[in-house]
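**Student:** In my numbering, the protein residues as written are 4 to 236.
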Amino acid sequence: MAMSFQHVKESARDGLWRHNPGLAQILGLCPILAISTSMVNAVSLGLATVLAMAVSNLVVSALRRWIAYEIRIPVFILIIAALVTVLDLAFNAYFHSLYLVLGIFIPLITTNCIVLARAEAFAAKNGVFESTLDGVMMGLGLVWVLALLGALRELIGSGTLFAGIDMVIPGAHEINVFGDDHPGFLLAILPPGAFFTLGVLIAGFNAINAHRAARAAGHATPPATPAPATAAH
Numbered sequence: 004m005a006m007s008f009q010h011v012k013e014s015a016r017d018g019l020w021r022h023n024p025g026l027a028q029i030l031g032l033c034p035i036l037a038i039s040t041s042m043v044n045a046v047s048l049g050l051a052t053v054l055a056m057a058v059s060n061l062v063v064s065a066l067r068r069w070i071a072y073e074i075r076i077p078v079f080i081l082i083i084a085a086l087v088t089v090l091d092l093a094f095n096a097y098f099h100s101l102y103l104v105l106g107i108f109i110p111l112i113t114t115n116c117i118v119l120a121r122a123e124a125f126a127a128k129n130g131v132f133e134s135t136l137d138g139v140m141m142g143l144g145l146v147w148v149l150a151l152l153g154a155l156r157e158l159i160g161s162g163t164l165f166a167g168i169d170m171v172i173p174g175a176h177e178i179n180v181f182g183d184d185h186p187g188f189l190l191a192i193l194p195p196g197a198f199f200t201l202g203v204l205i206a207g208f209n210a211i212n213a214h215r216a217a218r219a220a221g222h223a224t225p226p227a228t229p230a231p232a233t234a235a236h
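1) Here's a check: name, in chain order, each residue in its chain whose Cβ is nearer than 8 Å to the Cβ of histidine 236, leaving out the five neighbours to either side.
2) Alpha carbon to alpha carbon, how far is serine 7 from aspartate 47? Give it in angstroms, no decimals.
3) Please report the straight-line C-alpha distance between proline 110 and valine 89, rounded to a whole angstrom.
4) How would you write the range of the alpha helix (DSSP H) that methionine 42 sits in, first residue to last?
5) Let me know if threonine 114 comes out buried or exposed under the rule of 16 or more other beta-carbons within 10 Å of its beta-carbon.
6) For the alpha helix (DSSP H) that contains serine 161, what are its first and last residues?
7) Check each candidate in Leu143, Gly187 and Lys128 and name the one with the smallest Cα separation from leucine 155.
8) Rounded to whole angstroms, what's the CA-CA distance from serine 41 to aspartate 183? Just pull it up for me.
9) Counting contacts by CB-CB distance shorter than 9 Å, is leucine 54 in contact with chain B?
10) By how many angstroms is the C-alpha of leucine 143 removed from the C-alpha of valine 203?
11) Beta-carbon separation of leucine 158 and glycine 25 under 9 Å?
12) For the alpha helix (DSSP H) containing proline 34, name the first residue and the last one.
13) Answer with buried or exposed for alanine 219, where buried requires no fewer than 16 other C-beta atoms within 10 angstroms of its C-beta.
14) Count the other C-beta atoms from every protein chain shown that fall within 10 angstroms of the C-beta of asparagine 95, then say buried if there are 16 or more, exposed otherwise.
15) So the candidates are Leu136, Ala122, Val180 and Phe198; which of them puts its Cα closest to the Cα of histidine 10?
16) State buried or exposed for phenylalanine 79, treating a residue as buried only when at least 16 other CB atoms are found within 10 Å of its CB.
17) Could you check what DSSP says for leucine 19 in three-state terms: helix, strand or coil?
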């Protein structure tokens, strides 16, 4: 049980922070930059990606012994495409308004390098539980980056939070943080704003890691011992 808990802890650290897909590996920039104009859009696509990664990793891990090495990539893509098709149809059926907003980015999960990379690098070499956990944690790592990026861009650009929440929760309303007189900063919700905001997040991520490394190095260095005094002759 202790080993299992430790494995979950390490997988969570890798996915949520150390090897975060959006900030450390810099993967999946297409959805990160294109759909993060609002928090609701960003988190919705992120959660769809979590589901696709978790289930695809599970299926790839379960079938890995029967997949020939030479054809593994086409088979992985086929598995991912089938799952994403189910997700696309589910969004269209149950969240049609949100589906119209997300548009082509739901089918594009099939070609998202994060999903295929985890299937190839991890699920094809590990057990079902470990692979599913890896997919969930890597996906959640992407979700919090998308949520923060979308919230910052929406807040700076429009002065609101949770715009479009009624597409997911009927009757819910967005929060107008700065009031109706807020002029907004249009650049934040345009494509250049996505690059600038993501750059700031990556810089902050690297600064935090550098600070942690410096602190760890400082604690690891033993204090200098004073030289023994020599007797005077």
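We put the CB at the ideal spot given by N, CA and C, even for glycine.
**Tutor:** In short, the structure shows the following:
1) Residue confidence for histidine 236 is low, a pLDDT of 45 falling below 50, so the modelled location carries little weight and cannot support an answer.
2) The displayed chain sequence assigns serine, not aspartate, to residue 47. So the two alpha carbons sit approximately 30 Å from each other.
3) 10 Å
4) Under the DSSP assignment, methionine 42 falls in the alpha helix (DSSP H) whose first and last residues are 42-66.
5) exposed
6) 131-161
7) Gly187
8) One C-alpha to the other measures close to 18 Å.
9) The chain labelled as chain B is not found in the depicted structure, where only one protein chain is given.
10) C-alpha separation (whole angstroms): 20 Å.
11) no
12) Start and end: 32-37.
13) exposed
14) exposed
15) Leu136
16) buried
17) Helix, per DSSP.
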